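Q: My questions all concern the structure below.
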Amino acid sequence: MTDNAVVLDEEGYLLNLQDWTPELASQLAKDVDVELTDAHWEIIHLLRDFYNEFEVSPAMRPLVKAVSKKLGAEKGRSIYLMTLFPGSPPKLAAKIAGLPKPANCL
Amino acid sequence: MKHTLIHLNSSPYSSLACKEGLDLALVLATFEQPVDLCLSGAALALLTDNQEPTAEQGKNLHKLLAGLEFYDIENIYIEKNHSWLEDNPTWQGVQPLNGDEWQTMFSQYQQVFRF
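In structure tokens:
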């Protein structure tokens, strides 16, 4: 369970983005049965940079494009992101990265 | 597949209209629907740099403009020779159209939404 002082919404996303820390990310990941590796952190930092730059959490297609542009075509693939963040990579990665749920994700 | 034009005509921060228009553009693009944007009137303020909206006004919508490329939204039109443009710094990602091109543009889409 995450620290009681940190408030999450009903889907588990941070309500106050300022509350995010790497330690909290590890805890949030553990809560959803994801063990963070360097490969996960690479995407988490990219996602946080994307949000800081554009103020939006990307859905799958823009996330894939952003990863491809920053980390290369080998990592800019849906299957790669699915192995790191199973189910819905944009939603799960945003949750761990302390960002809002992508508004345009079903 | 319908080609959609979203026409932003409202001030970016005086209501939610501009944000809703941009949100619709992102949703359509996410589902691989071709979508273009055009800006006129009060919405042109979206193009200026160094915007600092208050918490009540919401997100800095200007920042999103540079991220539209990740959604494959590449056509963002404005009307050339608009007097507002002569006095204000303008985001460079827009494509200025002359009066005739601007008028013709609207008939080239299957659907147009105005915000």
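Heads up: the protein sequence lines correspond to chains A and B, in order. Numbering of the first sequence is given in the numbering used here, commencing with residue 1 and proceeding in unit increments. Numbering of the second sequence is given in the numbering used here, commencing with residue 1 and proceeding in unit increments. Positions of the beta carbon are idealized from the N, C-alpha and C atoms, including for glycine. Because the structure is a prediction, the values reported are computed rather than measured.
Under the three-state reduction of DSSP, which class applies to I73 (chain B): helix, strand or coil?
A: coil
Q: If I measure Cβ to Cβ from P102 (chain A) and keep anything under 7 Å in the same chain, skipping five residues before and after, which residues do I get?
A: Taking C-beta separations shorter than 7 Å and ignoring five residues to either side along the sequence, the partners of P102 (chain A) in its chain run S57, P58, A59, P90, K91 and A94, following chain order.
Q: Pair every Cβ in the stretch 66-74 of chain B with every Cβ in the stretch 22-32 of chain B, then say whether three or more of these pairs are closer than 8 Å.
A: yes
Q: Say whether the stretch 3-21 of chain B touches the stretch 56-67 of chain B, bearing in mind that this needs 3 or more beta-carbon pairs closer than 8 Å, one atom from each stretch.
A: yes
Q: Excluding five sequence neighbours on each side, which residues of the same chain lie with their C-beta closer than 8 Å to the C-beta of L36 (chain A)?
A: A25, S26, A29, I44 and I96
Q: When Cβ atoms are compared, which residues of the stretch 55-67 of chain B fall closer than 7 Å to chain A?
A: From the stretch 55-67 of chain B, only K59, N60, K63, L64, A66 and G67 have a Cβ closer than 7 Å to chain A.
Q: Of all Cβ atoms in chain A, is any one closer than 8 Å to the Cβ of Y71 (chain B)?
A: yes
Q: Would you list, in sequence order, the uninterrupted beta strand (DSSP E) runs of no fewer than 3 residues that lie entirely inside the stretch 20-99 of chain B?
A: 35-39, 76-79 and 95-97
Q: For V67 (chain A), which residues in chain B fall below 9 Å Cβ to Cβ?
A: Those do not exist, as V67 (chain A) stays about 10 Å from chain B at its closest Cβ, beyond 9 Å.
Q: Cα separation between W20 (chain A) and P34 (chain B)?
A: 35 Å
Q: Inspect the beta-carbon positions of G93 (chain B) and L65 (chain B) and report whether they are closer than 8 Å.
A: It is a contact, given that the beta carbons lie within the stated cut-off.
Q: Since L8 (chain B) contacts L46 (chain B) with CB under 8 Å, what's their CB separation in whole angstroms?
A: 7 Å
Q: Report the neighbours of D23 (chain B) on chain A: residues whose CB is nearer than 7 Å to its CB, in chain order.
A: Within 7 Å Cβ-Cβ: A103.
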